[in-house]
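From first to last, the protein sequence lines stand for chains A and B. Under our numbering, the first residue of the first sequence carries the number 1, and numbering increases by one thereafter. Under our numbering, the first residue of the second sequence carries the number 1, and numbering increases by one thereafter. Built from N, CA and C at the ideal position, the CB exists for glycine as well. The next block holds one structure in the form of structure tokens; read it before the comments.
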Amino acid sequence: GNSVTQMEGPVTLSEEAFLTINCTYTATGYPSLFWYVQYPGEGLQLLLKATKADDKGSNKGFEATYRKETTSFHLEKGSVQVSDSAVYFCALKVSGSSNTGKLIFGQGTTLQVKP
Amino acid sequence: DAGVIQSPRHEVTEMGQEVTLRCKPISGHDYLFWYRQTMMRGLELLIYFNNNVPIDDSGMPEDRFSAKMPNASFSTLKIQPSEPRDSAVYFCASSTTGSANQPQHFGDGTRLSIL
Numbered sequence: 001g002n003s004v005t006q007m008e009g010p011v012t013l014s015e016e017a018f019l020t021i022n023c024t025y026t027a028t029g030y031p032s033l034f035w036y037v038q039y040p041g042e043g044l045q046l047l048l049k050a051t052k053a054d055d056k057g058s059n060k061g062f063e064a065t066y067r068k069e070t071t072s073f074h075l076e077k078g079s080v081q082v083s084d085s086a087v088y089f090c091a092l093k094v095s096g097s098s099n100t101g102k103l104i105f106g107q108g109t110t111l112q113v114k115p
Numbered sequence: 001d002a003g004v005i006q007s008p009r010h011e012v013t014e015m016g017q018e019v020t021l022r023c024k025p026i027s028g029h030d031y032l033f034w035y036r037q038t039m040m041r042g043l044e045l046l047i048y049f050n051n052n053v054p055i056d057d058s059g060m061p062e063d064r065f066s067a068k069m070p071n072a073s074f075s076t077l078k079i080q081p082s083e084p085r086d087s088a089v090y091f092c093a094s095s096t097t098g099s100a101n102q103p104q105h106f107g108d109g110t111r112l113s114i115l
């Protein structure tokens with residue numbers, strides 16, 4: 001079946017530190033991969049996406065590369081800010097199956113950035 | 001453009017009462033999703049619709065939960081009777097097609113507290 005596994009949190013970093021949040025997936029077919037971010041008290045927002053192998057999604061200084069050989073989509077940012085404190089969700093979506101349209105989410109990773 | 005609109009933002013009610021959550025998807029989107037988020041279970045997909053038709057309701061926890069989509073611009077999620085364990089944040093999301101590269105757009109959620 002299709003599944004997403006993220007590193008457990010919380011991840012606590014100092015401002016300007018380098019961030020990596022690991023995400024690996026299992027999927028039948030050819031998934032698209034997404035990172036969503038949820039700020040306190042808000043809904044999930046799309047942060048970035050990649051739709052095929054070796055694609056790199058990027059937004060707001062975050063980036064993630066679709067690695068088919070390692071079935072991974074790790075989120076990285078070179079220098080985090082306090083305002084990046086949020087919960088980050090990795091997700092996949094597979095077309096052409098009975099789950100068409102449905103996102104499979106990881107469990108979420110909480111990031112806390114301290115000044 | 002208006003995003004996904006959910007109402008109410010907060011709901012506090014006593015157990016045994018009927019609760020109705022409402023969602024207006026983004027105009028032109030033909031998929032609508034209802035999620036529940038709790039600390040214990042994370043983000044769970046309850047049900048989703050395509051062109052107003054329920055496609056997968058396997059995530060609906062019990063018969064006390066029901067969802068309808070009478071037209072393309074409105075959906076409801078009802079809990080009757082409500083119980084304290086239903087307390088959670090409920091999100092609605094919509095997307096344009098089932099295509100794998102189309103993300104879902106989330107509302108800000110309804111925070112439900114059952115006393």
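### Query
What are the complete beta strand (DSSP E) segments, minimum 3 residues, inside the region 65–89 of chain A?
75–77
### Task
Give the interface partners of A/K49 over in chain B, defined as CB-CB distance under 8 Å, in chain order.
N101 and P103
### Task
Using a Cβ cut-off of 7 Å (strictly closer), state whether B/G42 contacts chain A.
yes
### Task
Whole angstroms is fine: what's the gap from B/S87's alpha carbon to B/S7's?
16 Å
### Query
Where does B/S58 land, buried or exposed, given buried means 16+ other C-beta within 10 angstroms?
exposed
#### Entry: C-alpha gap between A/S79 and B/G16, whole angstroms
49 Å
### Message
Counting only Cβ-Cβ distances shorter than 8 Å, please list the residues of the region 4–35 of chain A near chain B, keeping chain order.
### Response
Y30, P31, S32 and F34
### Query
Within 7 Å (strictly less), CB to CB, does A/Q107 reach chain B?
yes
### Task
Measure from the alpha carbon of A/K114 to the alpha carbon of each residue in A/V94, A/F105, A/A91 and A/Q81, then state which is nearest.
A/Q81
### Query
Within 10 angstroms of its Cβ, does A/Y30 collect 16 or more other Cβ (buried), or is it exposed?
exposed
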